[in-house]
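**Q**
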Amino acid sequence: MRAIPHLHDFISELPDPVQREYERLGTVRKLARGEAAYRKDDPPLELFRLLEGGIKLCNYSLHGAEIIMGEFRPGDCFGEMGIIDGLPRVSHAIASKDSRLSVISKQNFDRLCDRYPEIYRQLNLMLCRRVRFLYALNEESISLKLHVRLARVLRRLAYSHGRISDDHESLIEISHEELSNMLGASRQSVSKELKLLEREGDIELRYGKIFFKDLDELGKKYETAIGLEQVTPSYQNDE
């Protein structure tokens, strides 16, 4: 498992003067839980960085089921794809809790990049990391059964969102519904596979939480299910 700090953040690695200029040209926007930073098909007018709270990127099936494409935590940047290619938004960006965002207009961002070319280097690095991450997710989705996909998603979440003890234990807070939305599977199917993982001794289900007894052992069983090394964002140093 390769846990990468700042996987979704190109700003924190910029020189301090560039960061200060970025902040000066931006504004702070508050979103209540359920409010949108943008909607699918909106024009790409702004770039965002999450300061507090949480943002989920999602779409909806023809039957109205939510499909979570990604989740962002404080420090993460999003909305850069449309700023670069000029095409409409491909998903909804919704506040999963009350949030604060740093928002910069496309015009100001373009001006900043012209003045500080090093922004492009950091942005390219972030995008390359995301491509690596998405390659792994795509290969999982087309080649692995739900049981294995679920185990790998849980292990990624433990490394990115949990705290790992010296005995390789971890605890994350997540609901069955959230997992089903991430995997594009029914809640019933996910609950069934979670119970199977519990019977196999890999996890312990608690109310709204999942306890991992040994992440190393879980990795031995599922890390090499396909060729690519798992990649996940690391937030543990930020907490």
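Every letter in the sequence shown is one number past the one before it in this note's numbering, and letter 186, counting from 1, is 1487. We treat Cβ as the ideally placed atom computed from N, Cα and C, and that holds for glycine.
When the Cβ atoms of the region 1496-1510 are set against those of the region 1380-1396, are three or more pairs found closer than 8 Å?
**A** no
**Q** Taking the alpha helix (DSSP H) that TYR1584 falls in, what are its first and last residues?
**A** The question about residue 1584 has no answer here: the residues shown for the chain are numbered 1302 through 1540.
**Q** Taking 8 Å as the cut-off, does the region 1441-1450 touch the region 1370-1381 (at least 3 CB pairs, one atom from each stretch)?
**A** no
**Q** Considering just the uninterrupted stretch of the beta strand (DSSP E) at HIS1393, what are its terminal residues?
**A** 1393-1406
**Q** According to DSSP, simplified to helix, strand and coil, what is LYS1446?
**A** coil
**Q** Among all the DSSP beta bridges, which residues are the ones paired with PRO1389?
**A** The partner list for PRO1389 (beta bridge, DSSP) is empty, contrary to what the question assumes.
**Q** Specify whether the region 1410-1427 and the region 1308-1321 touch according to this definition: at least 3 beta carbon pairs, one from each stretch, less than 8 Å apart.
**A** yes
**Q** Do the region 1390-1408 and the region 1348-1362 make contact, defined as three or more Cβ pairs closer than 8 Å?
**A** yes
**Q** So is ALA1366 buried or exposed if we call it buried at 16+ other beta carbons inside 10 Å?
**A** Flag for ALA1366 reads exposed.
**Q** Can you tell me whether DSSP reads GLY1485 as helix, strand or coil?
**A** coil
**Q** Are the C-beta of LYS1331 and some C-beta of chain B separated by less than 8 Å?
**A** No chain B is part of this structure, which consists of one protein chain only.
**Q** Hey, would you say ILE1394 sits closer than 8 Å to LEU1435, going by beta carbons?
**A** It is worth fixing the name first, because residue 1394 is Ala in this sequence and not Ile. It is not a contact, given that the beta carbons lie outside the stated cut-off.
**Q** Which residues share a DSSP beta bridge with GLY1371?
**A** DSSP links GLY1371 through a beta bridge to LEU1358.
**Q** For LEU1315 and ARG1422, what's the separation of their Cα atoms in angstroms?
**A** 10 Å
**Q** On the DSSP bridge list, what partners appear for PHE1513?
**A** SER1471 and ILE1504
**Q** Would you call VAL1329 buried or exposed, if buried means 16 or more other Cβ atoms sit within 10 Å of its Cβ?
**A** With fewer than 16 other Cβ atoms within 10 Å, it is exposed.
**Q** Are the beta-carbon atoms belonging to VAL1454 and LEU1480 less than 8 Å from one another?
**A** yes
**Q** So who's on the other strand from ARG1350, going by DSSP bridges?
**A** CYS1378 and SER1403
**Q** So the candidates are LEU1438, PHE1512 and LYS1407; which of them puts its Cα closest to the Cα of LEU1326?
**A** The shortest CA-to-CA distance from LEU1326 to any of LEU1438, PHE1512 and LYS1407 is the one to LYS1407.
**Q** Would you mind giving the Cβ-Cβ distance between LEU1516 and ARG1456, rounded to the nearest angstrom? I have them listed as a contact below 8 Å.
**A** 6 Å
**Q** Rounded to whole angstroms, what is the Cα-Cα separation between PHE1349 and ALA1338?
**A** 8 Å
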